[in-house]
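Adding 12 to a residue's 1-based position in the sequence shown gives its number in the working numbering.
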Amino acid sequence: MENMQYPVLALGFRPFFLLAALVSAIWIPLWMLFFYGLIRLEPALPGSLWHGHEMIFGYAGAVIAGFLLTAVRNWTGEDTAVGAWLGGLVVLWMLSRVMNLVVGLPPVALAIIDPLFFLFLAVGLFRPLWRTGNRRNLPMVVIVLLFGALDCLTHLGDLGGTGWPAQNALRVAVDLVAVLMVLIGGRVIAMFTRNAVPEAPVHRVAWFDRLAIGGVVAALVMELVFGLEPLTAAVFVLAGLANILRLSTWGGLATLQKPILWVLHLGYLWIGIGLLLRGASVFVAAVPEDMGLHALTAGAIGTLTLGMMTRVSLGHTGRPIVAPRVSTIGFVLVSLSALIRMLGSVLSVYHDALVVVSAGLWALAFAAFLLNFFPILTAPRADGKPG
13 MENMQYPVLA LGFRPFFLLA ALVSAIWIPL WMLFFYGLIR LEPALPGSLW
63 HGHEMIFGYA GAVIAGFLLT AVRNWTGEDT AVGAWLGGLV VLWMLSRVMN
113 LVVGLPPVAL AIIDPLFFLF LAVGLFRPLW RTGNRRNLPM VVIVLLFGAL
163 DCLTHLGDLG GTGWPAQNAL RVAVDLVAVL MVLIGGRVIA MFTRNAVPEA
213 PVHRVAWFDR LAIGGVVAAL VMELVFGLEP LTAAVFVLAG LANILRLSTW
263 GGLATLQKPI LWVLHLGYLW IGIGLLLRGA SVFVAAVPED MGLHALTAGA
313 IGTLTLGMMT RVSLGHTGRP IVAPRVSTIG FVLVSLSALI RMLGSVLSVY
363 HDALVVVSAG LWALAFAAFL LNFFPILTAP RADGKPG
């Protein structure tokens, strides 16, 4: 049943896209102030680990929740989580953000409580998929459950109880988000391009799709089992090339006049670049490991999620799917932020200045989304339809 009294709880994308933008606009500047000793924080996880945890399981987790709760409703025609159920998920997500900032909480407690959000999210996705016989999309539920397991392992790894460092769990979680982006991006980017720009040279090549998806899944599994060893790194390089090759068949150049489209192509390009750089870091001394990680996180996750949040927020509130000017500026800022952060990894003399500039651009991009879309996401649909 739709929640018309509180439109923000009518569908999953509404609260979670707002929360994702809010935490992204606040947490990165907060991290900078903490990192440079300008404020005192005692997060539950060590500094850089807390930063990574919150951007992957906090920010990306919120975007994934908002997107999948909305997409599964579209795929099945049945509600996922609305009203009080959706409100409960929001409370769980917010509780995790607060708990991860509180010193003294036992890591075991966080390892139990933190993943509950992903468990209940998975239940909300599974029920309509199962009831309608939509087996094709059940892997999305598996991905959410794996995400929760990696969240748990991050806390247990910090405790030292698994023999597997917490940083390893975070890296594999980044790989898992890459898998999800490759799966979803492959479904929608070419389709959106063909629909909006009929003359675009979009050519779907089945074996490109299989190679791109198989490559990133193989990279995840190998990093999970072996770590970033040379053979794993070679798979990352091949996966990066395969995804860039796949992207080249989607007619990206024809979208340059449509920011709502080119941002998705740019975000997908960042996936290929990030995978390539992650692999190259093992073979090329001039490529630091964190360069590829930031290409995947700040570049791919940041750009692709901001583009999808904008598109979904417009389309599912009954508005024309045309990026407002402030959104286009945000698309540029978030990718520029990623590029500058990567330069900070190799230009050590300017590292601090570049990191601060990158953080500022990132925060501006998501603050712009928040200011632009808060009135839209908290109001009923413009066309009067439910959702």
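For every residue, glycine included, the Cβ atom is placed at its ideal position computed from N, Cα and C.
All of these numbers come straight from a predicted model, not from anything done at the bench.
In the structure shown, the three-state DSSP call for A83 is helix. Taking C-beta separations shorter than 6 Å and ignoring five residues to either side along the sequence, the partners of H306 in its chain run R353, M354, following chain order. Burial is judged here by how many other beta carbons sit within 10 angstroms of a residue's own beta carbon; I68 has at least 16 and is buried. In terms of Cβ geometry, L122 and A56 form a close pair [threshold 8 Å]. Annotation for P177: no alpha helix (DSSP H) segment contains it, and DSSP assigns it neither H nor E. Per DSSP, G327 is one residue of the alpha helix (DSSP H) stretching across 314–327. Secondary structure at W262: coil, using DSSP grouped into helix, strand and coil. I51 and W262 have their C-alpha atoms some 46 Å from each other. Here the alpha carbons of N255 and D302 stand approximately 20 Å from one another.
With the rule of 3 Cβ pairs closer than 8 Å, the segment 335–355 counts as touching the segment 366–386. Here DSSP, grouped into helix, strand and coil, assigns E211 to coil.
With a cutoff of 8 Å on beta-carbon distance, A391 and R331 are scored as not near each other. The three-state reading of DSSP puts E54 in coil, since its state is none of H, G, I, E or B. Shortest Cα-Cα distance from P140 to any of I201, P118, T88, A208 involves T88. The continuous alpha helix (DSSP H) containing G64 extends over residues 59–65.
One alpha carbon belongs to L107, the other to F129, and they sit about 9 Å apart. Rounded to whole angstroms, the gap between the alpha carbons of M111 and G279 is 31 Å.
Shown here, R109 sits in a helix according to DSSP, grouped into three states. Taking the Cα of V189 as reference, the smallest distance to any Cα among T309, R109, L23 is reached at T309. One Cα belongs to L195, the other to A72, and the distance between them is close to 16 Å. With contacts defined as CB atoms closer than 8 Å, D163 and D126 qualify as a contacting pair.
Per DSSP, reduced to three states, the secondary structure at N149 is helical. L42 and L150 have their C-alpha atoms some 37 Å from each other. DSSP places D364 inside the alpha helix (DSSP H), whose first and last residues are 363–389. DSSP, reduced to helix, strand and coil, places D302 within a helical segment of the structure shown. The beta-carbon separation of V294 and L382, rounded to 38 Å, does not stay under the 8 Å limit for a contact.
Between G59 and F79 a beta carbon distance of about 29 Å is seen, past the 8 Å cut, so the two are scored as non-contacting. Contact check for I285 against G252 passes: the beta carbons are separated by less than 8 Å. In the DSSP annotation of this structure, the continuous segment of the alpha helix (DSSP H) that includes A121 starts and ends at 119–125. In the structure shown, P271 falls within a helical segment according to DSSP collapsed to helix, strand and coil. Per DSSP, the continuous alpha helix (DSSP H) segment holding G226 begins and ends at 218–238. With contacts defined by Cβ atoms closer than 8 Å, I225 and G197 do not form a contacting pair.
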